[in-house]
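A.B. asks: Under numbering that gives the first Met the number 0, think of the first position of the sequence shown as 0, with each following residue one higher.
Built from N, CA and C at the ideal position, the CB exists for glycine as well.
Just so you know, these numbers come straight off a predicted model, no measurement behind them.
Before anything else, here's the structure in question.
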Amino acid sequence: MAGSSVDAVHTIILWVGFLGGWLLVAGPVFQAAVELRDEEIDRESMAAAHESVPEPRRISPWWWLLPPVAYLRIRRDQREYRRVIFDAMPLATRRQFASFVDKATGWMFVAGGAALIALKETWELVEHYEWPLWVWIVLVLVMAALAVVNTAVRMARTRELVGES
0 MAGSSVDAVH TIILWVGFLG GWLLVAGPVF QAAVELRDEE IDRESMAAAH
50 ESVPEPRRIS PWWWLLPPVA YLRIRRDQRE YRRVIFDAMP LATRRQFASF
100 VDKATGWMFV AGGAALIALK ETWELVEHYE WPLWVWIVLV LVMAALAVVN
150 TAVRMARTRE LVGES
């Protein structure tokens with residue numbers, strides 16, 4: 000009898016870990032959406048800076064005969080283009096942009112770490128029941144979708160509640 004109660008507790012713990020892991024994903028995704036929505040960014044200054052800088056030149060199609068070289072040239076040109084746009088922004092807008100990117104990066108790390116934990120917890124649950132691999136894949140996709148949909152619905156409800164369009 001003692002063995003069956005230990006097995007039951009083990010099963011409950013696996014389900015708790017599974018649900019907890021996915022809550023750890025949903026929480027940072029939602030919090031990131033809230034914080035980044037509320038971040039003050041002068042979009043008009045950013046758009047003006049973008050429009051003030053000419054588009055980067057296209058590389059010659061001949062470079063694609065050497066794909067790695069073409070790729071490196073395009074990356075270099077894009078990096079330079081972003082730097083020129085960034086330099087064309089007012090200092091306050093650059094600070095706002097940097098703050099936004101820093102917060103987004105931080106939340107990405109938190110949600111990414113949580114996702115790794117959720118993947119492991121999901122695997123342990125699937126392994127416990129000896130389900131096939133496809134069940135793990137479906138569970139991961141469904142739970143990730145639920146985390147994103149939860150955030151989208153909550154953000155839409157908040158906009159509706161405060162009368163934003």
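For F108 and F29, I'd like the C-alpha separation in whole angstroms.
C.D. replies: Taking the straight line joining both Cα atoms gives about 14 Å.
A.B. asks: Out of M154, E54, V33, Y70, which has the shortest C-alpha to C-alpha gap to P60?
C.D. replies: The shortest Cα separation from P60 among M154, E54, V33, Y70 belongs to Y70.
A.B. asks: Whole angstroms is fine: what's the gap from P131's alpha carbon to L138's?
C.D. replies: Their backbone Cα atoms lie some 11 Å apart in a straight line.
A.B. asks: Enumerate in chain order the residues of its own chain whose CB-to-CB distance from A113 is below 8 Å, with the five nearest sequence positions on each side excluded.
C.D. replies: Closer than 8 Å at the Cβ level, and outside the excluded window around A113, lie G20, L23, V24, G26, P27.
A.B. asks: One question on the structure: do T104 and A32 come within less than 8 Å of each other, judged by their Cβ atoms?
C.D. replies: It is not a contact, given that the beta carbons lie outside the stated cut-off.
A.B. asks: Beta-carbon within less than 7 Å of V147's beta-carbon, same chain only, minus the 5 sequence neighbours each way: which residues are those?
C.D. replies: Excluding sequence neighbours, V147 sits near V28.
A.B. asks: Once you ignore the five residues that flank M154 on each side, which residues in its own chain have a CB closer than 6 Å to its CB?
C.D. replies: Closer than 6 Å at the Cβ level, and outside the excluded window around M154, lie A32.
A.B. asks: At what residues does the alpha helix (DSSP H) containing D41 begin and finish?
C.D. replies: Per DSSP, D41 belongs to no alpha helix (DSSP H) and is neither H nor E.
A.B. asks: Should I84 and V52 be called a contact, given that it needs their Cβ atoms to be closer than 8 Å?
C.D. replies: The answer is yes: Cβ separation under 8 Å.
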